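Trainee: Quick note on numbering: the sequence shown equals residues 1 to 217 in the UniProt record's numbering. Sharing a structure below in structure tokens format, with a few things to ask.
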Amino acid sequence: MAASQAAFKVEQAVGHDAIVPDGYNYSEKVPKLRVVEPRDIVLRVTGSTICGFDLHLLHGTIVELQKDDIMGHEFCGIVESVGPQVKNVKPGQRVVASFQIACEECGPCKKKQSSQLASLGTLISRAAFQADKAEYVRVPFGDVNLLKLPDRVPDEKGHHLSDIICTSWNAVVDTGVEKGDVVAIWGAGPIGQMAADFSLHNGAARVILIDNYWRLI
């Protein structure tokens with residue numbers, strides 16, 4: 001498979017800054033990234049946001065962080081370099097990255113189940129590829145996992161396409177919200193609010209958001 005820990009280890013050059021949890025401390029120098037596999041793309045990160053999943057990782061409630069892990073999976077950036085097999089993205093273009101990694105070749109991807117591409121590890125790097133809390137990110141299968149952003153869309157809006165919008169839309173579609181439905185949504189964070197908007201868009205007669213008082217006022 002394209003991205004691997006062995007491939008990462010050959011990326012030795014001048015380092016760049018990254019947020020790498022190390023117990024209660026943070027190491028900030030990691031190897032500089034470069035294209036390793038034919039479909040890799042290296043991005044210079046220009047915008048990133050924090051997901052609730054990142055907080056779970058930081059607190060150790062889902063997966064225990066390991067040495068050199070770099071968190072983050074919702075980000076925009078400018079393409080720095082591309083692998084020889086990448087034809088649809090060019091250096092200098094602004095893009096937003098998918099929070100999942102797909103290849104379009106394996107069985108799960110052909111079934112539209114890209115989240116099952118287990119060979120690349122979790123949503124944090126596991127040293128197979130670098131996540132977005134850093135100056136640069138190497139994106140495996142970048143020709144599939146990046147979407148070009150027009151100049152009129154700022155990073156603050158663009159990176160919503162990485163996770164928030166697609167996750168909330170998928171929730172509404174999967175639950176089959178239809179005209180006249182009454183929809184209850186537990187959690188009024190960004191995804192919950194977008195799910196409420198999409199539910200109304202699909203014709204819901206009423207949407208009820210359920211959360212702590214301070215998030216609802």
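C-beta atoms are modelled at their ideal positions from N, C-alpha and C, and glycine is treated no differently. Values in this document were obtained by computation on a predicted structure and should not be read as measured data.
1) Grouping DSSP H, G and I as helix and E and B as strand, with all else coil, what is Ala7?
2) Quick one: grab the DSSP three-state call for Ala127.
3) Look up Leu209 in the DSSP assignment and say whether it is helix, strand or coil.
4) Is Ser48 closer than 8 Å to His159 when the C-beta atoms are compared?
5) Could you tell me if Gly92 is buried or exposed, where buried requires 16 or more neighbouring beta carbons within 10 angstroms of its beta carbon?
6) Is it true that the CB of Ser81 sits closer than 8 Å to the CB of Val137?
7) So Gly176 and Gly203 are supposed to be a Cβ contact under 8 Å. How far apart are they, rounded?
8) Select from Asn170, Asn88, Ala102, Gly72 the residue whose C-alpha is nearest the C-alpha of Ala195.
9) Does the Cβ-Cβ distance between Ser162 and Glu104 come in under 8 Å?
10) Just to confirm my understanding: we take Gln100, look at its own chain, exclude 5 residues before and 5 after, and list those with CB closer than 6 Å. What are they?
11) Which term fits Arg215, buried or exposed, when burial requires 16 or more other beta carbons within 10 angstroms of its beta carbon?
12) Measure the C-alpha to C-alpha separation of Ile124 and Phe141 and round it to an integer number of angstroms.
Mentor: Reading off the structure:
1) In this prediction, Ala7 has a pLDDT of 38, which is less than 50 and means its spatial position is unreliable; nothing more can be read from the coordinates.
2) At Ala127 the pLDDT is 39, less than 50, meaning the model places this residue with poor confidence and gives no usable figure here.
3) strand
4) yes
5) exposed
6) no
7) That belief does not hold up - the Cβ atoms of Gly176 and Gly203 are roughly 12 Å apart, past 8 Å.
8) Asn170
9) no
10) Ser114, Ser115
11) exposed
12) Reliability of the predicted coordinates at Ile124 is poor, the pLDDT of 43 falling under 50, and the value obtained from them is presented with this limitation in mind. Roughly 16 Å between the two C-alpha positions.
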